[in-house]
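The next block holds one structure in the form of structure tokens; read it before the comments.
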Amino acid sequence: MADKDFILAPQVKTYEVVLSPFWEALNLVFLLHDYDKYSGINERLLHLAQSISPELLEQNRKVVEGFWGVIKPQKHYSSYLTFVDDLSRQDPVEMRDAALNILCDYTIKYAKEENIILDRPDPAALLTDFDQYAAYLKQFDKHEEFNLEMLREIHMLLNDPPAMKTLVITHLQLMWDELLQDSTDRALPLLQESVTAFKNVDLSGLSGMEASRVVTGRDLSSTHFADMIEAAARVNFVPLSYIAPYVSAFGFGDEVWVLFGARVPEGVKSRSPELSRSEMLVRLNALADDTRLRILELLTGGEELFAQDIMNTLELSQSAASRHLRQLSATGYLTERTKQGAKCYRLNTERAHDMLRALEVFLLGK
55 MADKDFILAP QVKTYEVVLS PFWEALNLVF LLHDYDKYSG INERLLHLAQ SISPELLEQN
115 RKVVEGFWGV IKPQKHYSSY LTFVDDLSRQ DPVEMRDAAL NILCDYTIKY AKEENIILDR
175 PDPAALLTDF DQYAAYLKQF DKHEEFNLEM LREIHMLLND PPAMKTLVIT HLQLMWDELL
235 QDSTDRALPL LQESVTAFKN VDLSGLSGME ASRVVTGRDL SSTHFADMIE AAARVNFVPL
295 SYIAPYVSAF GFGDEVWVLF GARVPEGVKS RSPELSRSEM LVRLNALADD TRLRILELLT
355 GGEELFAQDI MNTLELSQSA ASRHLRQLSA TGYLTERTKQ GAKCYRLNTE RAHDMLRALE
415 VFLLGK
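Under my numbering, residues 55 to 420 are what the sequence shown spells out, in order.
Spelled out as structure tokens, the structure:
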């Protein structure tokens, strides 16, 4: 019998740009947690945050910061309220234990990306000892300003799972009643236009990173979710109204949901003036800061610089440099990669040319 060589066929990936009221609502809960810490965040998000009572914003910060592992979805839902209803049916102790485990996994993963060495703690030890709990979180992010009073409240609730669950469910429902239902309804026409604009864009045969670049306008190869996108059998791209210029992703099994700021494909004229202005503002806001302009000027020679070199030259703190570099990377003005265990940056001249062309079209109609 003749020998036969069997070659594994390459995985066929499916890409689709989809409308998701669920992600539009839930992601807004996430964004309002620390909207004031992001450089160049969507201006409309700032206005929205200012329309909410300080008490509701503070409670949202507590719920997201303290119980991220509870409200981080483990699957996709048809609606926000379906998600809340599902949470209400879960056992509070299991919810608490999942929250602690996700906290430990999450901090270890992101600390590694920032070259911070952490040992995974025992979740039970964090639960019983507040000082150890607070010290662990401070070790994870030395540049974060911690609200010890809030951390103590969170820790007490972790030790009282029924009360924790009641707070989470009540808060998520209140956010829907007070804000999310109206904001989601208003956003849907704009988001639908973005979805429709991508219907004729052929993504077949592209790699995960290539398809992501076409849809989001971003090079996601240096993000922590790049491998997840490449490995997925199906990638759903979800336009949202407040997330730009940032991109996020959630994976469930072999399916990934990539959340990006609503836009239209390059070269396609938007029928909605609001959609065009929104994308233009995101790009311009990144330039409306002296420090960010100085960073770009520093890189105009075409050389690649480490983040530490930029910090030293411009006399920036690590937190300030990280904030500005994150925004310039998010808007595409800089390309980012890891070299010798540290982040380094280069000016993306193609994005600069794109910005000038887009501004010319917007103002002069050329």
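Glycine residues also receive a C-beta, built at the ideal position from the N, C-alpha and C atoms.
As the structure is a prediction and not an experimental result, all values here were calculated from the model.
Tell me whether residue i sits in a helix, a strand or coil according to DSSP, three-state version.
{"i": "Y69", "result": "strand"}
{"i": "T250", "result": "helix"}
{"i": "G315", "result": "strand"}
{"i": "L242", "result": "helix"}
{"i": "Y187", "result": "helix"}
{"i": "R272", "result": "coil"}
{"i": "L257", "result": "coil"}
{"i": "V301", "result": "coil"}
{"i": "P293", "result": "strand"}
{"i": "D416", "result": "The question names Asp, but residue 416 in the sequence shown is Phe. Helix at F416."}
{"i": "Y89", "result": "helix"}
{"i": "F200", "result": "coil"}
{"i": "F279", "result": "coil"}
{"i": "E320", "result": "coil"}
{"i": "A286", "result": "coil"}
{"i": "R174", "result": "coil"}
{"i": "T385", "result": "coil"}
Go ahead and label residue i buried or exposed: buried means 16 or more other beta carbons lie within 10 angstroms of its beta carbon, across all protein chains shown.
{"i": "Q128", "result": "exposed"}
{"i": "G355", "result": "exposed"}
{"i": "F252", "result": "buried"}
{"i": "N290", "result": "buried"}
{"i": "I297", "result": "buried"}
{"i": "D90", "result": "exposed"}
{"i": "L370", "result": "buried"}
{"i": "K67", "result": "buried"}
{"i": "D59", "result": "In this predicted model, D59 has a pLDDT of only 46, less than 50, meaning its place in the structure is not dependable enough to derive any value."}
Sort the options by Cα distance to residue i and report the nearest one.
{"i": "V268", "options": "K397, M210, S107, D256", "result": "D256"}
{"i": "T238", "options": "L410, L82, V72, F416", "result": "L82"}
{"i": "N402", "options": "L370, E78, L353, Q186", "result": "L353"}
{"i": "E404", "options": "S276, S302, A361, G271", "result": "G271"}
{"i": "L417", "options": "Q362, R317, M334, E119", "result": "M334"}
{"i": "F360", "options": "L388, K67, Y296", "result": "L388"}
{"i": "V336", "options": "V310, H278, Y300, E109", "result": "Y300"}
{"i": "V72", "options": "Q246, L233, A189, R206", "result": "Q246"}
{"i": "E232", "options": "L110, S302, L347, L135", "result": "L110"}
{"i": "R240", "options": "L102, E390, T392, A342", "result": "L102"}
{"i": "E97", "options": "A412, E414, A340", "result": "A340"}
{"i": "L205", "options": "P216, A217, A189", "result": "A189"}
{"i": "H117", "options": "E284, H130, M210, T277", "result": "The displayed chain sequence assigns Val, not His, to residue 117. Of the listed residues, the one whose Cα sits closest to V117 is M210."}
{"i": "A375", "options": "L234, E119, Q362", "result": "Q362"}
{"i": "F306", "options": "F84, S107, H130", "result": "H130"}
Going by the CB atoms, is the gap between residue j and residue i shorter than 9 Å?
{"i": "F76", "j": "F121", "result": "no"}
{"i": "A287", "j": "D308", "result": "yes"}
{"i": "P177", "j": "D151", "result": "yes"}
{"i": "L226", "j": "L181", "result": "no"}
{"i": "Y134", "j": "L99", "result": "no"}
{"i": "I162", "j": "K126", "result": "no"}
{"i": "K397", "j": "L382", "result": "no"}
{"i": "M149", "j": "K219", "result": "yes"}
{"i": "H258", "j": "Y69", "result": "As written in the sequence, residue 258 is Ser, which differs from the His given in the question. It is a contact, given that the beta carbons lie within the stated cut-off."}
{"i": "E357", "j": "K393", "result": "no"}
{"i": "V312", "j": "I283", "result": "yes"}
{"i": "V249", "j": "L141", "result": "no"}
{"i": "V318", "j": "E78", "result": "no"}
Less than 9 Å between CB atoms is the rule here; does residue i satisfy it with respect to chain B?
{"i": "L110", "result": "No chain B is part of this structure, which consists of one protein chain only."}
field: Whole beta strand (DSSP E) elements within the stretch 106-166, 3-residue minimum
entry: none
- request: Could you tell me which uninterrupted alpha helix (DSSP H) segments, each at least 4 residues in length, are contained entirely in the stretch 341-369, listed from first to last along the chain?
  value: 344-352, 361-368
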